[in-house]
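Visitor: Next up is a structure, given as structure tokens.
There are 2 protein chains.
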Amino acid sequence: MSDVYRALGDSTRRFILNMLKEGDLTQKEIVAAFDISQPAIKKHLNILMEENIISEKIQGKYRVYSLNKGKLQLAYNEMLQYIADLLDNKLESLKNYVEKGESRDDQG
Amino acid sequence: MSDVYRALGDSTRRFILNMLKEGDLTQKEIVAAFDISQPAIKKHLNILMEENIISEKIQGKYRVYSLNKGKLQLAYNEMLQYIADLLDNKLESLKNYVEKGESRDDQG
DNA sequence: ATTATATATAACCAAAAGGTTATATGAATA
DNA sequence: TATTCATATAACCTTTTGGTTATATATAAT
């Protein structure tokens, strides 16, 4: 299992991902959304890129960042599989659980 | 949001959870499974207990740890929900994905 | 060509995380 | 009772993490 936990383990990074959900953004735009410095944001972006959760495209003097949804989906599946195995869960009920937050037929 | 990312963000702790899936274990047994010291393991156990992902039962001189499956499921649900929101995920396709490991229709 | 803008990078810092050893304590056993 | 075993805890160390400021570089605009 890749270390998506690390990448998602920081609230600034989670917020960056939330921003990128709405659409691609330049580094400048991302920096502007926070109270921390450009190098600090850059480090977060680097971490997200190391985990392949976002990717970077050079556009002149800009760096445009976008969500790597394929990778996120893989991460999602890995985690879902992991928890399903761990709990001997029926994927069906887990699916409901995530989607609706309901039907906790606790088969622990 | 509780700090599940922190609790699950360490591979030693995830391994401990895997061990506890098989059944309750004493601290001694858990320590024996790793190359790190008893106090180090104890710290990991404390973190997992702080997040209520495991619980401890005193049995004489032993501490018996058990997985709190309901809470673990909640923790994973939280993370899965976060990623699902990022992806606007249809969980139907994910079901296939996990079950058959196929159909990577990269919708990046 | 000069200046301004966007980003990259180096050097540094404080706090947190994960580990250690040494030792105390409480329960079981010889 | 003395000893051993399982665990707890204190003190400490190193590395990582998340941040800083200062400065370099590359592109864009004057």
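As you go down the protein sequences, you meet chains W and U in turn. Under the working numbering, the first residue of the first sequence is numbered 135, with each subsequent residue one higher. Under the working numbering, the first residue of the second sequence is numbered 135, with each subsequent residue one higher. Ideal Cβ placement from N, Cα and C applies to all residues, glycine included. Remember, predicted model here, so these are calculated numbers, not experimental data.
I need the DSSP call for Lys195 of chain W, collapsed to helix, strand or coil.
Guide: Looking at Lys195 of chain W - three-state DSSP - the assignment turns out to be coil, as it is neither helix nor strand.
Visitor: Who pairs with Ile188 of chain W in a beta bridge, going by DSSP?
Guide: DSSP output for Ile188 of chain W lists W:Leu201 as bridge partner(s).
Visitor: Is it buried or exposed, Asn195 of chain U, if we count other Cβ atoms within 10 angstroms and call 16 or more buried?
Guide: First, the amino acid is wrong: residue 195 of chain U is Lys here, not Asn. Lys195 of chain U is exposed by the Cβ-count criterion.
Visitor: Thinking C-alpha only, which one of W:Ala141, W:Asp219, W:Tyr210, W:Glu190 is nearest Lys162 of chain W?
Guide: Checked all of W:Ala141, W:Asp219, W:Tyr210, W:Glu190; the closest Cα to Lys162 of chain W is W:Glu190.
Visitor: Taking Cβ positions, are Leu179 of chain U and Tyr199 of chain U nearer each other than 8 Å?
Guide: Contact: yes.
Visitor: What residues from chain W crowd round Gly143 of chain U, counting only those whose CB sits closer than 8 Å?
Guide: Those are Tyr139, Arg140, Gly143, listed as they occur along chain W.
Visitor: Taking the alpha carbon of Lys127 of chain W as the reference point, which residue from W:Met153, W:Leu220, W:Arg147, W:Glu156 has its own alpha carbon closest?
Guide: Residue 127 of chain W lies beyond the stretch modelled for chain W, which goes from 135 to 242, so this question has no answer here.
Visitor: Closer than 8 Å between beta carbons: that is the criterion. Which residues of the region 161-188 of chain U meet it against chain W?
Guide: Hits within the stretch: zero.
Visitor: Using the C-alpha atoms, what's the distance from Ile217 of chain W back to Leu228 of chain U?
Guide: Any reading at Leu228 of chain U needs caution, since the residue's pLDDT is 43, under 50, leaving its predicted position unreliable; the model's value is listed next. Approximately 14 Å, taken between the alpha carbons.
Visitor: Going by DSSP, what residue range makes up the alpha helix (DSSP H) through Ser171 of chain U?
Guide: Unbroken run through Ser171 of chain U: none, as it is neither H nor E.
Visitor: At 8 Å on the CB atoms, spell out the chain U contacts of Lys247 of chain W, in chain order.
Guide: Lying outside 135 to 242, the shown extent of chain W, residue 247 of chain W is not represented and no answer is given.
Visitor: Of the choices W:Ile188, W:Leu206, W:Lys205, whose alpha-carbon is the least far from that of Asp158 of chain W?
Guide: Of the candidates W:Ile188, W:Leu206, W:Lys205, the one whose C-alpha sits nearest the C-alpha of Asp158 of chain W is W:Ile188.
Visitor: Would you kindly report the start and end of the unbroken alpha helix (DSSP H) that includes Glu163 of chain W?
Guide: Run containing Glu163 of chain W: 161-166, per the alpha helix (DSSP H) assignment.
Visitor: What in chain W is Cβ-close to Ile150 of chain U, meaning under 8 Å?
Guide: What Ile150 of chain U touches in chain W: nothing, since even the nearest Cβ is about 12 Å away.
Visitor: Excluding the 5 residues flanking Glu226 of chain U on each side, which residues of the same chain have their C-beta closer than 6 Å to its C-beta?
Guide: Because Glu226 of chain U sits at a pLDDT of 45, beneath the cut-off of 50, its placement in the model cannot be relied upon, and the following sentence gives the value as read from the coordinates. The answer is none, since no qualifying residue turns up.
Visitor: From Asp219 of chain U to Ala209 of chain W, what distance separates their C-alpha atoms?
Guide: For Asp219 of chain U and Ala209 of chain W, the distance between alpha carbons rounds to 13 Å.
Visitor: Going by CA-CA distance only, name the one from W:Met153, W:Gln207, W:Thr160, W:Asp144 that's closest to Asn186 of chain W.
Guide: Nearest C-alpha to Asn186 of chain W: W:Gln207.
Visitor: Just confirm the distance between the C-beta atoms of Ala167 of chain U and Met153 of chain U, as a whole number of angstroms; I'd bet it's less than 8 Å.
Guide: About 6 Å; that satisfies the 8 Å criterion.
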